[in-house]
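In the numbering used here, the protein residues as written are 439 to 1370.
Cβ atoms here follow ideal geometry from the backbone N, Cα and C, with glycine treated the same way.
Since the model is a prediction, treat every value here as computed from it, not as a measurement.
First up is the structure itself, then whatever we jot down about it.
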């Protein structure tokens, strides 16, 4: 049931043209340099740096390419912008990053920012598929003055991407290629056992029921010793190519590019990702008053996947769980299926294929007409077609096939397909006028956004061939299925933005937007969002002239934004089903994961965010020192959450406005040109962010709510852990000690003693990055670090690696598992467990702080003087780059990857716990850049 929105006139252009530069010559005491009045994308508009009154961070295209893996652009933002916390979702090629702008955005809802690419709304996965070499800049909008212009989509911040566009002048051609490899990062602070270490350890576990092996048995098994990680993993092979051309005349400009990226990943027998990209942009000045343009892109990729589960169907789980004396193959060459931890994952990878294909076609069309001097009308249409096909092919006669079908060779083929068409049509009026020293700039627009998605899923059993995977070879059966879903949501908006300044010294900006969303209840479909901001360019005052301060600007803003991204489609209404209970139509809430039924909520209303921001920007000593400081407070009201209803209400679940929360933060950025000479430049840069969130209120008078792995408590940080507190090991007898609810120490474990751990949350208290760049003639060097402080993660993987009961069950262990209490007086050891094994407690909740060398690059550029005037090549740069080269952490394992596994629940908080998902990788690349 969708809201029908009648559109009289739709659309306002998200004006996201490329950053432009106007240069004026100015003498510097060290170097004759250019003063650059940079034009920055601020959302719907573009402004000079000294005209901006909002909080935002800008990352340039060169920084993005220097820090980006070839197949994922989101990770390039890590450590590059204050207030923007970025974690790798997984290390899988092409995986989207988890990005949070100024902390957690709600409770049980999405914290994902809005992604806008050349005016087009995109999801995180669609954004991650952009070729980094096509990007001109990324602006991250943070306060209400920046995000209120996006209304219902601005509460979590906005990531605005501007791709490269044509430029008037001689055509410039460029070609860039990279080759390299990646490999799994080694586990921090622990190592798995080899065969003899494991068997010696198992022989000590007679008190847990393990029957000790004889030396002869151990020698026989030790002959099979091997490293499962080496059997299942390999160094990946990476290739990347991009060709582009940019140019034009006064009347028309163009940019086009063609790219190919390949990263076959680190799992043997799986070809990770292949991606083909194309981009074409063209603008034409048809007359002195009319400009038109088009930007057309194509992205096609093929991915081979793996079973991301918490069992040995997952190679990253199997390599920890299999014993090193269990071989891959039997003596006759058949697969060994006797592993104690589970079936043979090598056989499954080869016989259960998971392949994805994806095609995306984004297009932007615009026309701009100059009505009179200072007054322009612009119409803009953005469309994105996104098609997906997933194939799951279980080969006939494979081990999993025989297991699922009572040892009868059957085979199955499943095809899961969807297509999405998302379009936004915008019409805008822009009026600029100056009256003496008073300058006005008004933008008004109407916008309509429509998202349509249709899925089709088909499954068939009984394959006639073990080597062909087309639907026509399946056998008709009542097990065969065919299902599908259609989903649509719409958003209609009216908005206006007014900018005023006096002599460029005193600046005021205001915005107002009204949104109507089909995702909310019939009684609350519309929301109004606004912002007001002001800035004072103090450095332009007469009393500031002649000093060492070049620029000094104070900024302040307040406003409101909304959030409709937390709510799935149609959960604001009751659905109707026929045939569920007889032949008559009945109210049918629908289902979500774990079989929970959801009923609609007609009174569901907007989640809103009121943001206060104060900031100062400064440059000093001929702009060789640049920086900014921000303080902010967010007041989130009526956040949306899925909650269970009382049993007398049917045991259903419902999305409700569940409460309020607040956030406070401090952000600091600093960049210093230590040396700035003609042939030698050295820059140091750093940023750090501090943040704190507090849950202010829960609905219906509640003060606490248990979410399973995490907990909500009014007055505390959201998502604190909820667990039994570990008190150490009794050195006299080796028993584990715990605190009861009253804080008394006991050696009796009880899950009922779990309490909220208010000092432990998955969210960091601070994070940031720092680095340096050095250029000496043609030589360039850069290093960038990222860090995180104050967050915690439940370490499932380390718990499983040191639990002796799992060694009794035949699984491999970490070497540290042998450090078990043996004699009275032993300290610094693990407890001596009974058949219950290591118990669930905060013993396994570890600080996930880390410092990581994110990127290290060394390059050399050969210019025209070296190459010769007769050479067709204007510039050639060769470089070598390493990513994730080392990590400093006390965490046992990988502290960064934010996803537990595909088994993670809908309420999973990024970084709350680890499982066996695709790990982070270290990458080494050699590249070549040519300009013609």
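*Have a look at 1369, 1092, 1359 and 761 and flag the residue whose alpha-carbon is nearest the alpha-carbon of residue 528.*
1359
*Give me the Cα-Cα distance between residue 1073 and residue 565, rounded to the nearest whole angstrom.*
28 Å
*What does DSSP give as the partner residues of residue 526 in its beta bridges?*
535
*Are the Cβ atoms of residue 1148 and residue 1131 separated by less than 8 Å?*
no
*Thinking residue 1204 and residue 1228 are a contact (beta carbons under 8 Å), I'd like their distance in whole angstroms, please.*
6 Å
_Extent of the continuous alpha helix (DSSP H) to which residue 630 belongs_ = Element bounds for residue 630: n/a, residue is neither H nor E.
*Any idea if residue 494 is buried or exposed, counting beta-carbon neighbours within 10 angstroms, 16 or more meaning buried?*
buried
_Spatial distance of residue 1062 from residue 1118 (CA atoms)_ = 14 Å
*residue 431 versus 1316, 570 and 617, residue with shortest Cα-Cα distance*: Given a span of 439 to 1370 for the chain in the structure shown, any question on residue 431 remains unanswerable.
_Any alpha helix (DSSP H) of 4 or more consecutive residues that is wholly inside the stretch 1300-1330_ = 1302-1305
*asked:* Please return the same chain residues whose Cβ sits closer than 7 Å to the Cβ of residue 961, not counting the five positions on each side in sequence.
replied: 1040 and 1041
*Please list, in chain order, all residues of the same chain as residue 1170 whose beta carbon is under 7 Å from its beta carbon, the five residues on each side excluded.*
1262
*asked:* Considering Cα atoms alone, identify which of 1216, 1222, 1159 and 1300 is closest to residue 1193.
replied: 1159
*Going by C-alpha distance, which of 948, 1363 and 768 is nearest residue 491?*
948
*asked:* Taking the straight line between their C-alpha atoms, what separation do you get for residue 1196 and residue 862?
replied: 44 Å
*How would you call residue 765, buried or exposed, if buried means at least 16 neighbouring beta carbons within 10 angstroms?*
buried
*Taking the C-alpha atoms as reference points, what is the distance between residue 1014 and residue 922?*
Residue confidence for residue 1014 is low, a pLDDT of 44 falling below 50, so the modelled location carries little weight; the figure read from the coordinates is stated next. One C-alpha to the other measures close to 16 Å.
*Ordered along the chain, which non-local residues of its own chain (more than five positions away) have a Cβ less than 6 Å from that of residue 917?*
899
*Sequence-distant residues of the same chain with beta carbon closer than 6 Å to residue 560, five excluded per side*: 553
*With respect to the alpha helix (DSSP H) encompassing residue 666, which residues constitute its N-terminal and C-terminal limits?*
666-670
*Between the beta-carbon of residue 579 and the beta-carbon of residue 599, is there less than 8 Å?*
no
*Where the alpha helix (DSSP H) containing residue 993 begins and where it ends*: Here residue 993 belongs to no alpha helix (DSSP H); instead the beta strand (DSSP E) covers 987-1001.
_For residue 485, the nearest candidate out of 595, 1126, 584 and 999 (CA to CA)_ = 584
_Which of the three DSSP states is assigned to residue 1243 in this structure?_
helix
_Residue range of the unbroken alpha helix (DSSP H) whose run includes residue 585_ = 582-585
*With burial defined as no fewer than 16 other Cβ atoms inside 10 Å of the residue's Cβ, what is the status of residue 984: buried or exposed?*
exposed
*Which value, in whole angstroms, describes the spacing of the CA atoms of residue 591 and residue 971?*
19 Å
*Which partner residues does residue 924 have in the DSSP bridge list?*
892
*For residue 947, which three-state DSSP category applies?*
strand
*Between the C-alpha atoms of residue 745 and residue 789, what's the straight-line distance to the nearest angstrom?*
12 Å
*Got a sec? Which residues, its chain only, sit under 6 Å from residue 1162 by beta carbon, not counting five neighbours each side?*
1176, 1191, 1192 and 1279
*Around the C-beta of residue 1045, are 16 or more other C-beta atoms found within 10 angstroms, so that it is buried, or is it exposed?*
buried
*So the alpha helix (DSSP H) residue 654 belongs to, where does it begin and stop?*
653-660
*Do you know offhand how far residue 786's Cα is from residue 511's?*
32 Å
*With respect to the beta strand (DSSP E) encompassing residue 755, which residues constitute its N-terminal and C-terminal limits?*
Unbroken run through residue 755 is the alpha helix (DSSP H), 753-759; no beta strand (DSSP E).
*Enclosing beta strand (DSSP E) for residue 1100 [first to last residue]*: 1091-1114
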